[in-house]
Every structure is written in structure tokens, then in C-alpha cells.
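Student: Protein chains in written order, with the working numbering: chain A, 1 to 517; chain B, 1 to 652.
For glycine and all other residues, C-beta sits at the position ideal for the given N, C-alpha and C.
Note that the structure is predicted; figures quoted are calculated from it, not measured.
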Amino acid sequence: MNELKLPSIDYAALAPSLIMLGAALLGVLVEAFVPRRLRHLVQLSLALLAVLGALTMVVLNADDRLITIGGAIAVDGPTLFLQGAILVLAAMALLLIGERSVERGGAFVAQAAFPAESADDRRQAEGVNGATEVYPLTTFAIGGMLIFVAANDLLTMFIALEVFSLPLYLLCALARRRRLLSQEAALKYFMLGAYASAFFLFGVALVYGFTAGIPNGSAGVDFATVNAAVAESTASPLLLFAGMALLSIGLLFKAAAAPFHVWTPDVYQGAPTPITGFMAACTKVAAFGALLRVFHVAFDGARWDFTPVLGAVAVLTMLVGAVLAVTQTDIKRLLAYSSIANAGYLLVGVLAPSRDGLSGTMFYLVAYGFSVLAAFAVVTLVRDADGEATHLSRWAGLGKRSPFYAGVFTFILLAFAGIPLTSGFTSKFAVFGPALDGGQAWLVIAGVLTSMVLAFPYLRVVVMMWLSEPGESTPTVTVPGGLTSAALMIGVIATLVLGVAPAPLLDLATGAAEFVR
Amino acid sequence: MVEILANAPAEPAGAVTYAAADGLLGSVWLLVAIPLVSAAVLLLLGRRADRWGHWLGVAAIGAAFVLGLTYFFQLRGLENKSVELSLWDFITVGDLRVDFGLLFDPLAAVFVLLITGVGFLIHLYAVEYMAHDAGRRRFFGYFNLFVAAMLLLVLGNNYVMLYFGWEGVGLASYLLISFWYERPSAATAGKKAFLMNRVGDAGLAIGIFIMFATLGTTQYDEVFTGVGSLTATTVLVLGLLLLLGATGKSGQFPLQAWLPDAMEGPTPVSALIHAATMVTAGVYLIARSNPIFSANSTLQLVVVSVGALTLLIGCVIGAAKDDIKRVLAWSTVSQIGYMFLGVGLGGAAYALAIVHLLAHGFFKANMFLGAGSVMHGMNDQVDIRRFGGLSRYMKITWLTFMMGWLAIIGMFPFSGFFSKEPIIVAAFEREDWTAWLFGMAALLGAGLTAFYMTRLFVLTFHGPKRWTEDIEHPHESPKLMTIPLILLAAGSVGAGFLLATSVPDWLEATAGLGGQEEGHHAVLSHTVITVLSLLVTVLGAGLAWFLFRAGTATEPQPAGVLVTAARRNLYTDAFNEAVFEKPGIFLTRALVYLDNRGVDGLVNGLAAAVGGGSGRLRRLQTGFVRSYATSILTGALLVLAAFLAVEAGWLA
């Protein structure tokens, strides 16, 4: 009988994900054993501490370039950079999630099980403290994302995908107000997510079949094997291309690329705003981290085959996002379409065949994450007695009511529009430049044209805020508590700093822009 | 800079070198900084500075004057009297390197003294003159900005710095001319000044571009050293463009029309524009660029022609005007014409032009402030037909104005005589028949100047009273206004002799200025010209005295062709209107039409298409999961098909 050989495990390299998952388990115990009135504080501190600890480990591991746990996890430059990005953005999102002074009891429902619109539900909307289960859920999601960007084989990647997706489905359903919308969003997200996962899994199977054709080799779904198979497999390339197509569909769904974006506006609108921000920033980083790894490591040899297809998807995504944003009337849906268009710009970076393209994409992810979290932070503040006032008509004249927050939001919108001196400009430059150098001028042209279209909805909001007279229904901006203020300020300052002095982060991204194989 | 100079193996002939500023002169930037900071304080503090703001403005210019005087004496003791101070790299793009640097040399020094000295007196005067104006603080803010910009203009060590100051002067003049912006005429005058200046500015800017394109630099020393290597045509074009810039700022033909309209601003503004800043900028530009202008004789001829033509235009129109400030304005046009004549003659005449500029700064400021004092006492009346007999009521204004009058007509021994007469002599010193042409023009101008200035003086202060009914007792102005008048009058009397004997030697140290070549022999002897010029002056003045000692009609009288033409600015405005304005308006209309129909049509069509497309696409977002799943499935099939198509080689 063969002796079972255990793979070596580098626990230090895995520490960031382990810390997050451990903290999530601890959070479940806290729910069970800590008295109710202390739970919020304990859970929030635990989650933030875990993020801080994981971030510390990422920094300590900064020079690691290794593959561990039997080839399942790769800890390299992009992994560490993206894990760091996810953790920093998740910390900001946690600040938003933990805010309880903007709305009494926080943005989350206390008892999700009450039927929507029932008397119980209305009573709990009035200020019963929100469920603290959101913290372990969020922590699980963060842990899953950390593994997702580090996954070095397709099965690990799939499991990580599910680990971070399932908590997100739940979190979407936990909005304090507009319960029906929230539950509907969660259900849609769940069903479509499961649908997309199926595509992904089917793709894994086909790719596995393809790797079986390596002469004198063993089949497998780790990226090194896939990479080798692309070069020398004797199996039918049909398997490879069909597998690649289905895999990319699963990932593009998470990245919200057209035509797999359809869930985005509904889910972004229905989910509690802090969770929307969390998804817009962190899920995007995770999804693109995985896309980068799959296409730069596993399918690198098929670059000339997938580039035109993904390029077409990128153009379609930019077009759909930009054109549909024009007629939106809800600020959260508007930001959702903006996030779709941004997925298109990010794809341009993914398709740029160079180290600069990789580092530009990673820079873009960080810059966009800061801005979008700040944007959703402002959205949580503009509210009336019925909760957030997300209809755009309600934002008219906001500049006269509260010039400071309107000014901040204007700045963020200008950043989205890519105006110089904001991170929006430098990050677009960082992805378009390498794409142009890599001969993908058509993508850049599409990107610039759609950016122009996209500037219109942004500027329309700016015009509404500043040039319209405040009406009867213009809500006031709630003075934010410390947590939201902190998140908002971090986001705005990062947007400004990355626009004025992007060099340090760009250098960091460039230094990290090399995968281990 | 110092290093480059120290390592330079051998200087080519005609090279221009500047020493580095050290010691006290290292702080020469304060000259610009003090008024600038004061302007910023006045404009930013708003109403909080209303009570003391004007004194801050006066103090800033006073401090700049004292500093300027200190630097001036410092400079006297130096071997190389051209010191430059590099502050920081202003622009560094590709090959273009522009230094944010200052140059303090004898030419800049005399301009600094004029700007801050006369400027200080005008500031002092304005404290009282603007005492009843609600916007006095704002006024002093702009005033300080004006002085700061002008100082930057004369202190820069390269053409870009000069242009920087140049535009600052344009901005400040716009703000000040239309200071009473609620009056449509003032607002229009401000715009007119700004627009006409833009024409000149564009010329200057293109000139600077040419410098960079051909010489690769805009630093004075490098440009002047390199100008010898340029072709004659390049120098001609470059010079003409610089000249265009100069004519714009200095109100010379063909860009003179804005200057008289600029009288819409408060009177101290007119004094500042006409005496100490702005209009002298053009003369400065040409004097500073003398190595360029001296390098091409055609260029010099053009400058001389512009000067001679403008001086006659100014005299003729000035003789027909009835508005006290406009007469003075046209006299400025004419006097600057003399200066252009001087700088165009080249050689030693450069220094003469600068002497005239300095002397003119005194007597013109004197007369403008005098005119302001008259208006102050006469309910802001400006029509000289409505004055008369004021000598009895405004003794100080009368006497000081008399000094200015005698100075400007060039009567011995007032300052104008010492500064203008040498220019007339120099005009007669040209080589060929043009000596007669320009000499006679200058001489004729002297006679005409005497005529119209005497007309102005007599109609204002002597003869019968022709006041409007609302004036009972014209009063003399307060001390704060008369003291500057007295000081300036003293300058009008004495400055000419002092300047004419000392400045040419002093300026000799400036690159290219001063007597580096012997003048030709004049076609007439010096004595004859002196006698002639005094003679025409006395004749002109006498004629005016004879005609106007008994006053004049208070309404416009029918007149001959020449006078009618002169009243209408020799039809130059009509010419501008017909040749530039009308086609300009037509072009604008055509472009607006094209923009509305063509460009906007395209843009609006596109926008409508995007909006419509967006509206239609939105309907796909039904909210039903089943339709979303269908759309994902369709997408999946398309992606799959695309990959398979790639695999089959259809997309290769």
C-alpha cells in the first residue's frame, strides 16, 4: 500500500485567509455567547482586528513568491497586492457596515425572517438594532475573496468563489428598509450566481478533459498543467475553447461584464448600501484578480485566441454601461451601470499583454475601489424619514442644502468621469496606455468614446445638485457618524492623492506585477 | 548661469553677459512681491480691509520705491551693471526651459524708479480722489496689481517673464478701465482696451515662439547673443511681431484706438496708465530688444515710421478734442510716438527716447492729476469748453498744470525741452532724404503740440467763465491731492535737465544701449534745429493763445474737412469698424450658424441617439429573473460560438 504523502503547507503564506476565516468562525461563536448589547461592538472590533491582522501578514509576506499546499495556492506579487487591496477596501466597507448613528440601529434589518411590510417588520424598521450576523458573513466573504485571488487551480478557485458568494447573497437580503426589494435582489443574485457557477464548473470539467491529452503527463486543473496543456495537449482544441468560454462566463458574471451584467443594477439597488459598496469595491477586485490569473497564467498560450472575444465583451460592456447609465433615475442604479462600464475599462487592462497592463489593472482596481466606496458612503447620508433618498430627482439642489457633501460627491463623480487630478484620470491612463502599446488601439478608442458618453450622467448629477433650486422634497444630508466620516474621508483623500501623486502605488503595482507559475 | 559664464571659453563678438545677483541685490524679487502681496491682501480680505486698505496699497508702493532706490545705488557701485537673479525653473517641457528669473540692469533700474516713484505719488493722490468711492479698497488692490505686473515686466530676464508681466498689465488695465463697470461706456472701454491689446499680445507671443523655434531660448542674453546668427528675414519678421506687441500696449498706430477710450476709468488710472505703466511697456520692449532691432535697418525704418506717423496723428486729433482727458490721452499717443521715433533711430537715440519717457512720466502724471483736480472741483465736468477762468480758483492746480504744460511743449528750460529736442535733432541725423522727412515730422509735431496743449491750458484756466449752471465756486483740491501735484510739477521743471545729462551715460552699461556708434552729421546744424524747434513751439502756442484767449463756443461748430476728420479720430475707428469689426461679426455669425446647424446638429443627434438607445435598452432590464437568465444564456452561447469560431479559424 502506498504511503499517503501529505503536501507541505506554508502557514505563514496562508495566514491572511486563515485569519479571516478563523475570525469568521469566532464571530459565529460570539453570536452564540456574547450578550446582545455587546455584540455589535465586539463583532465590529473582531472583524476590523482580523482585517488589520490579515493586512499585517500580507505586508510581512510582501516578498513571498511561492506555491504551497500542493499547488492549490499561489502567493506571489499579484496575490499579495490584490489581497492587500481587498483588505484595505474591506476595512472601509466594514466602517460603513458598522455605522449606527446615521440610521438608528444601522443599515441592516434586525429579524430578516419577518414577512416584509408586516407590522413586526415596520416596528423593527423604527430602530431596533440590526442583526450582528452581518459581521461573520462579511468576514467569511473577505476570506473567500482572499483565497479567490490566490487560487492556483480551478477547483480551489471554484470553492473560493462559493465561499465569498454565499455570504454576499445573504447580506443582500438584509436591508433594513425596502425589504421586498432587498429580498428580491438577494434571490436574483443567488439564482443567477448559481447559474453562472454552473457554467464555471462545466468549464472546469472541459478544461480537465483537455489536459488529459498531454503526452506522458497527468491531467489536472492546476494552472501549470493547464498552461502546459495549451502548449502541447493532443486533445481536441474544441475542449479547450469551450472550456475557456464557459470558465470566462463564470468569472465575467462576477465582474459584471456585459451581457452577464444583468443582475448588477437590481442587486446594487436592493442591497443595503454598505454591502453595495463592499461588492462594488471588493468583489470587483476579487473577480478581476481571478480573471488576471486565469488568463495570464493558465491560458497565456492562447492569448491570441481569447483576446478578440474578450475584447468584444469589453467593448460591449463599456457601451452597455455607458449608454444605459444615461437614462437612469436612481443613484444606486446609476452607480451600478458606472461599475459595469468600469468593468469594461478593467478588461482593457486585462487584455494588455504586458507587465504594465497587469500593474495598470491592479492600480485601477484600488483607485476605483476607494472612489466607489466613498460614493456609496455619500449615498448612505442623503436620506429622509423613509431612509435613503436614492431617486435622482431628490438630489436636485443638494449643493445649496449641504455644499460640503455635494462638493465631495461632485469630486467623486469627476473622478469617475476621469478628470485630471483625480485617480479616475490616472487609472484610466494606467490601463489605456499599456493597451495602446500592446496594439489594442480599438479597445482604447472604445474606452475613450464611452468615457465621454459616461461623463454625461455624472455631470447631470452635478448639474442637478448645484444648478437646481432645492425643492420641497430635497432631503437633508445627515451628519455622519465617525465611522462613515472616516470611510468617506479615506476614499476622497485616496482619490485625490492617487490622482496627484500616483507614482508610489504604481511603482508598488509594477513591482508586484509578476505571477509565479 | 554663473557656471556657464565662468566656463565659457571665449565670448563671441557682441555677446551679452549678465552677472549673478548677490548681496542686497539678491532680494530684488521683493520689488514684485511686495505690491503683489499687498494686492492679494486687499482683494482677498474683502470688506474687512476697507478702512485701512488704501494706506496698505500706498505703503506697498512706497516701500517698493525705497527698495528700488536702494538697489539703484547698489547697482551704481558694480562693475558689470547687469545682474540677474534666477529664482526657479518656471517652465521645463522638452527643450523649452524658461527661467523664473529677474534682471536688474540700468534700463530696468530707471523703469523701476519711474514706476514706483511716480506710481507712489499717483497712489497718494488716489487716496483722496477715491475717498468717496465705495470700491476704494478694490481699486487699490487692482492698482497694486498693476504696479506689480509692470515691475515684473521690466524686471524679467527673459521674454516669457516679460510676457507674464505684459499680460498682468493687460489684466490690471482691463479691471481698472472698467472699474466703474456699472457704466456701459466704462465696461465697453475696458473690453476695447483688452481686445486691442490682445492683437498686440498675439504678435508678441508669436514673436516669442519664433525666438524659441530659431534660437531655442527666450533668455535675453542668449537671444541677444544669438541674434547675429539669424537670417535678415527672420529678424525682420521677429522684430515686426515684437513691434506689433509694442504698438498694442503703447497705443501706437495701428492699435492706438483703445488708449483715448481708456479715459473712462478713474483719473488716477489714466495717470498711471499714461505716465508710469502700460504705455511705456512698448517702449521698454523695443529698448530692451534693441540688439534685434539694431540688426535690421528695414525694421528700424518701420519703427521710425510708426513713431512719426503716430506722433502726427496724436497731435492732429488732440487739437480737435474738447474732453480734457482725451486731449491728454492723444497727447500721450503723440509723445509715445516721439519715443518710438527715438528707439527706431537706434544708436544713441535709444537713450534719448528713455530720457523722454522718464520726463514724460513726470509731466504727464502731473497734468493728468491736475485734470483730475480740475474735475474734482467742477463736478466731474470734462469738457474744456465748459471751463475757463479757473486760475483764480485753483491756484495750485493752475500753477502745477502750467509747469506740465510748459514741459510738454518743450519750452526752455522745462524738462520737455531737454528730452524732446534731442530726439528732433537725432531725427535730422539720418543718412538720406529720410532725415528731412522724419526731422520735419518731429518739428511739425512740436509745433502742433504747442498749439493744442496751449489751447487746453488757456481754455481751462484763462478766458471767460463758461461753466454749467450748477457750479458756484470751484474749489481747490485737498492737500493729499495737491502735494503730489507739487512734487510732480517740480519734476516737470527740473527733471529734464538732470535726466538728459545723466541718464544716457548711465544707460550705456545696458546691453546695446547708449552711444556705441557716432551719430551722423545732421542735415541742419544743432543750433539751427534748436532755434527752429523753439520757434515752432512759440508759434504754435502763440496761435493758440491768440485764438482762444477769449474763450470758445460751448457747442460744436461746423468745421472744415481736416477738423471734422480729426474730431472723428481721423476715421481710424471707422476704418477699424469697416475692415475688422464688420467682417469679424459676419464671420462670427457664419460660425455660429455652422455651429448651431452643423456641429450642434451632429452632437445633438448623437446625444439623441444615445438617449434613445439607452431608453430602448432599458426595457431589456425587465426585472424578471427568467429574462436575465435568458440574456446570460444568450451571452454564453455567443461567447461560446465566438471561441469556437476562433478555434475554427474564422476570426483569424
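Check whether the Cβ of T17(B) lies closer than 8 Å to any Cβ atom in chain A.
Tutor: Chain A contact via Cβ: absent.
Student: Just reading off the alpha helix (DSSP H) that A523(A) is part of, what are its end residues?
Tutor: The structure shown does not extend to residue 523(A), since chain A is modelled only from 1 through 517, so no value can be given for it.
Student: Could you pull out every residue in the same chain whose Cβ sits closer than 7 Å to the Cβ of A110(A), ignoring the five residues on either side in sequence?
Tutor: Counting only Cβ-Cβ distances below 7 Å, and skipping sequence neighbours, we find Q124, V128, N129, G130 and A131.
Student: Any beta carbon from chain A within less than 8 Å of F194(B)'s own beta carbon?
Tutor: No, its Cβ sits nowhere closer than 8 Å to a Cβ of chain A.
Student: Taking 7 Å as the limit between beta carbons, can you name the residues of its chain near Q328(A), skipping five residues before and five after?
Tutor: Excluding positions up to five away in sequence, the list reads L334, Y337 and P457.
Student: I need the straight-line Cα distance from T56(A) to G144(A), nearest angstrom please.
Tutor: Between T56(A) and G144(A), the C-alpha separation is close to 18 Å.
Student: Any idea what DSSP makes of G514(B), helix, strand or coil?
Tutor: Residue placement at G514(B) cannot be trusted, given a pLDDT of 46 that sits under 50; the coordinates are not used to answer.
Student: I159(A) and A286(A) - do their beta-carbons sit closer together than 8 Å?
Tutor: Not a contact, by the Cβ cut-off of 8 Å.
Student: Between the alpha carbons of Q516(B) and P106(B), how many angstroms are there, rounded?
Tutor: With a pLDDT of only 47 at Q516(B), under 50, the local geometry of the prediction cannot be trusted, and the value read off the model is given with reservation. Going by the C-alpha atoms only, they are around 16 Å apart.
Student: Can you give the Cα-Cα distance for L543(B) and G447(B), rounded to whole angstroms?
Tutor: Those two C-alpha atoms are separated by around 10 Å.
Student: Less than 8 Å between the C-beta atoms of V58(B) and L124(B), yes or no?
Tutor: Their beta carbons are under 8 Å apart, which means V58(B) touches L124(B) by this criterion.
Student: Run down chain B in chain order and give the residues with a C-beta less than 8 Å from the C-beta of D532(A).
Tutor: What the structure shows of chain A is the stretch from 1 to 517, and residue 532(A) is not part of that stretch, so it cannot be assessed.
Student: Suppose only complete runs of 3+ residues qualify. What are the beta strand (DSSP E) ranges in the region 46-111 of chain B, listed by chain order?
Tutor: Entirely contained in the region 46-111 of chain B, the beta strand (DSSP E) runs reaching 3 residues are, in chain order, 83-93 and 96-104.
Student: Find the nearest neighbour of G491(A) within the set Y368(A), L459(A) and D437(A), judged by alpha-carbon distance.
Tutor: Out of Y368(A), L459(A) and D437(A), Y368(A) has the C-alpha closest to the C-alpha of G491(A).
Student: Quick one: which chain A residues come within Cβ less than 9 Å of L640(B)?
Tutor: By Cβ distance, chain A contributes F241, A242, A245, L246 and I249.
Student: May I have the straight-line CA-CA distance separating E518(B) from R430(B), to the nearest angstrom?
Tutor: Note that E518(B) has pLDDT 49, beneath the 50 cutoff, so the model's placement of it is unreliable and no number is given.
Student: Would W442(A) count as contacting chain B if we go by Cβ distances under 8 Å?
Tutor: No - not a single Cβ of chain B is within 8 Å of the one on W442(A).
Student: Measuring CB to CB, does A93(A) end up less than 8 Å from G289(A)?
Tutor: Their beta carbons are not under 8 Å apart, which means A93(A) does not touch G289(A) by this criterion.
Student: When burial is assigned at 16 or more other CB atoms within 10 Å of the CB, is R455(B) buried or exposed?
Tutor: Under this definition R455(B) is a buried residue.
Student: State the start and end residues of the unbroken alpha helix (DSSP H) segment that holds L683(B).
Tutor: Since the first and last residues shown for chain B are 1 and 652, residue 683(B) lies out of range.
Student: Which one or two residues does DSSP pair with I313(B) in a beta bridge?
Tutor: Looking at the DSSP assignment, I313(B) forms no beta bridge with any residue, so it has no partner.
Student: Once the 5 residues before and after R137(B) are set aside, which same chain residues still bring their CB inside 6 Å of it?
Tutor: Cβ neighbours of R137(B) beyond the five flanking positions: L42, A49, D50 and G53.
Student: Is A6(B) helix, strand or coil when you go by DSSP?
Tutor: Low per-residue confidence applies at A6(B): pLDDT is 39, beneath 50, and the placement is therefore not dependable, though the value from the model is reported in the following sentence. Residue state, collapsed to three classes: helix.
Student: Thinking T478(A) and R383(A) are a contact (beta carbons under 8 Å), I'd like their distance in whole angstroms, please.
Tutor: Indeed, because the Cβ distance is near 6 Å, the residues count as touching under 8 Å.
Student: Can you grab the Cα-Cα spacing for the pair E469(A) / A396(A), in whole Å?
Tutor: Computed Cα separation, rounded: 7 Å.
Student: Since I believe L247(A) is in contact with V297(A) (beta carbons under 8 Å), could you give me their beta-carbon distance rounded to a whole number of angstroms?
Tutor: Not confirmed; about 13 Å, so no contact.
Student: Using 7 Å as the cut-off, classify the Cβ of A442(B) as near or not near the heavy atoms of the ligand SAM, replying yes or no.
Tutor: The ligand SAM is not part of the structure shown, which contains no ligands of any sort.
Student: Would you list the residues sitting across from F108(A) in a DSSP beta bridge?
Tutor: A175(A), per the DSSP bridge assignment.
Student: Could you give the distance in angstroms between the alpha-carbon of G514(B) and the alpha-carbon of G496(B)?
Tutor: With a pLDDT of 46 at G514(B), under the threshold of 50, the predicted position of this residue should be treated as unreliable, and no value is reported.
Student: Please go through the same chain and pick out, in chain order, the residues whose beta-carbon is closer than 6 Å to the beta-carbon of I142(A), but skip the five residues on each side of it.
Tutor: Within the same chain, I142(A) has close Cβ partners M20 and A90.
Student: When the Cα atoms are used, what is the spatial distance from R183(B) to H462(B)?
Tutor: The straight-line gap from Cα to Cα measures roughly 32 Å.
Student: My understanding is that K188(A) touches V625(B), with C-beta atoms under 8 Å, so please give their C-beta distance in whole angstroms.
Tutor: Contact holds; Cβ gap of about 5 Å.
Student: Could you list which residues in chain B have their beta carbon closer than 7 Å to that of D266(A), in chain order?
Tutor: Result: G623.
Student: Is there a Cβ from chain A that is less than 8 Å from the Cβ of G635(B)?
Tutor: True, the Cβ-Cβ gap to chain A drops below 8 Å.
Student: If you measure from the beta carbon of V37(B) to each beta carbon in chain A, is any gap under 8 Å?
Tutor: Not one chain A Cβ lies under 8 Å of V37(B).
Student: Which two residues bound the contiguous beta strand (DSSP E) that contains D10(A)?
Tutor: Neither: D10(A) is in no beta strand (DSSP E) and is coded neither H nor E.
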